[in-house]
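Count along the sequence shown from 1, then add 30; that gives the number in the numbering used here.
We treat Cβ as the ideally placed atom computed from N, Cα and C, and that holds for glycine.
Note that the coordinates shown come from a computational prediction; the quantities given were computed from them, not determined experimentally.
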Amino acid sequence: MRTRQSWVASASVLQTPAAVRPFVVVNPLARRASSAVAEVVGQCYRMGIDAPRSVATTREEPGSQQARQAIEAGADVVVVIGGDGTVRQVARELAGTGIRLGIVALGSGNVLAYNLGLTGLDLRTKVSIALSGPSTDLDLGWARLQTVDGRELNEPFLTMAGIGRDAETVARTDLKAKVRIGAAAYALQGVRQATRPALPMQIKVDDQPERSIVSWSVLAGLIREAPGGLVVYPQARSDDGLMEVLEVPIRHWLQWLPVAAKGVIKPDMEVAALRYRRAERLRVRPADPAPVQLDGDVVTRVTSLRAWIQPRGLRVHLPARDEGA
């Protein structure tokens with residue numbers, strides 16, 4: 031039976047050195063954040079190493095600046111206490127450095143952690159894995175966005191990038207609902223957005239000719255499932271240098287029924303309203319400015335999205351094979 035961790039190639043798993051120099055980046059708004067920091071300090075004490083420096087994120091500095099501090103301090107593992115957004119910001123700086131990323135998943139979605147088998151664990155186990163679990167090198171996605179006001183942004187993603195109604199769904203999901211019911215909040219908002227019309231776009235995949243499409247969203251995925259077991263990208267792998275591009279050319283709400291059946295019941299079922307292909311590069315240009323979401327973080331009024339993969343660009347701690355959920 032395929033497990034969530036099976037999309038991580040076992041051949042790439044590396045052993046973590048016994049001695050570590052950790053640095054903690056914590057989102058203070060995460061649930062049980064202070065308890066997690068205390069657990070990190072306690073486990074470091076039991077490992078015979080100094081208590082790590084702990085730096086909190088802020089609205090203005092959501093993780094990248096803190097990760098740079100970790101690099102400057104000589105850390106060899108950065109423990110992130112928070113959710114997908116905090117992990118994404120730290121990954122921006124750790125990419126290509128060989129510095130290991132440990133994740134204590136305490137956010138509202140935790141999509142990456144779910145796919146890595148890092149959810150459904152007690153806090154002590156999460157911290158133990160984040161500090162000293164075996165590691166593997168995962169692909170990292172990058173998106174270059176152009177916006178109406180002339181900005182050009184280079185943004186990383188570890189789970190998915192989406193342009194169109196998917197990003198609208200993320201943007202409109204209520205923060206209080208995310209805190210209260212977690213990933214289910216996105217699903218509820220998605221039901222509300224499902225009847226919104228598809229959007230005209232231009233899409234180019236790898237070296238294929240650019241095409242005109244009408245799609246509810248275009249997404250590029252690096253992970254297989256959403257929390258709850260919903261299979262979104264059936265062929266996604268973590269370390270093959272490819273993304274799974276998904277077009278959703280839905281024109282009527284009834285077309286969502288087989289989509290739901292595929293995601294929940296039969297992932298290998300063919301559904302006309304879902305068009306998949308594996309790719310190294312993707313370019314999308316919406317007819318009108320549209321939002322983009324990257325691991326749940328939204329950029330509005332985007333006129334162009336280019337996405338590509340940095341193969342095995344990020345070293346991440348995983349549970350041992352018998353520890354994962």
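Measuring alpha carbon to alpha carbon, tell me which residue in the options is nearest residue i.
i	options	result
Ile280	Ala228, Leu131, Leu312	Ala228
Val221	Gly259, Glu274, Ile159, Gln285	Gln285
Arg51	Leu131, Gly113, Arg61, Ser65	Leu131
Ser165	Asp106, Asp237, Pro230, Arg331	Asp106
Val141	Glu123, Leu170, Asp114, Glu277	Asp114
Ala173	His347, Leu348, Glu90, Arg315	Arg315
Asp169	Lys206, Ala121, Val200	Ala121
Ser138	Asp325, Tyr306, Ala291, Met273	Asp325
Gly126	Pro349, Ala291, Arg345	Arg345
Ala317	Pro230, Gly78, Val328	Pro230
Arg62	Gly128, Ile101, Leu153, Pro82	Leu153
For residue i, which of helix, strand or coil comes out of DSSP?
i	result
Ile159	helix
Ala320	strand
Arg118	helix
Asn184	strand
Lys206	helix
Ala41	Any reading at Ala41 must be qualified, since the residue scores a pLDDT of 39, below 50, and its modelled position is unreliable; no value is offered.
Thr177	strand
Asp196	helix
Trp172	strand
Glu240	coil
Leu252	coil
Arg154	helix
Near residue i, which residues of its chain fall below 8 Å by C-beta distance, leaving aside the five closest residues on each side in sequence?
i	result
Ala41	Bear in mind that a pLDDT of 39 at Ala41, under 50, signals an unreliable position, so the number given afterwards is only what the model happens to contain. Cβ within range, chain order: n/a, list empty.
For the beta strand (DSSP E) containing residue i, list its first residue and its last residue.
i	result
Pro341	327-347
Ile101	Ile101 -> not in any beta strand (DSSP E); alpha helix (DSSP H) instead, spanning 94-102.
Leu131	130-135
Leu276	273-277
Arg83	83-86
Near residue i, what residues of its chain come up, given a Cβ to Cβ distance below 7 Å and the 5 sequence neighbours on each side ignored?
i	result
Ala86	Val56, Pro58
Would you say the beta carbon of residue i comes nearer than 7 Å to a heavy atom of the ligand SAH?
i	result
Arg254	Although the ligand SAH was asked about, the structure shown includes no ligands whatsoever.
Grab me the residues of residue i's own chain with a C-beta within less than 6 Å of its C-beta, minus the 5 sequence neighbours each way, in chain order.
i	result
Gln119	Pro92, Gly93, Ser94
Tyr144	Pro257
Arg313	Lys234, Arg336
Could you tell me the boundaries of the alpha helix (DSSP H) in which residue i lies?
i	result
Met231	No alpha helix (DSSP H) holds Met231; the beta strand (DSSP E) holding it covers 229-235.
Ala290	286-294
Arg305	Looking at the DSSP string, Arg305 is not in any alpha helix (DSSP H); the run it does join, the beta strand (DSSP E), is 305-309.
Ser65	63-77
Val141	141-145
Under 8 Å, with one C-beta from each stretch per pair, do the stretch 249-256 and the stretch 173-193 reach the 3-pair mark? The stretch 249-256 vs the stretch 173-193: in contact.
Quick test of the definition: if touching needs 3 or more C-beta pairs under 8 Å, does the stretch 266-274 touch the stretch 148-162? Judged by Cβ distances under 8 Å, the stretch 266-274 makes no contact with the stretch 148-162, as fewer than three pairs qualify.
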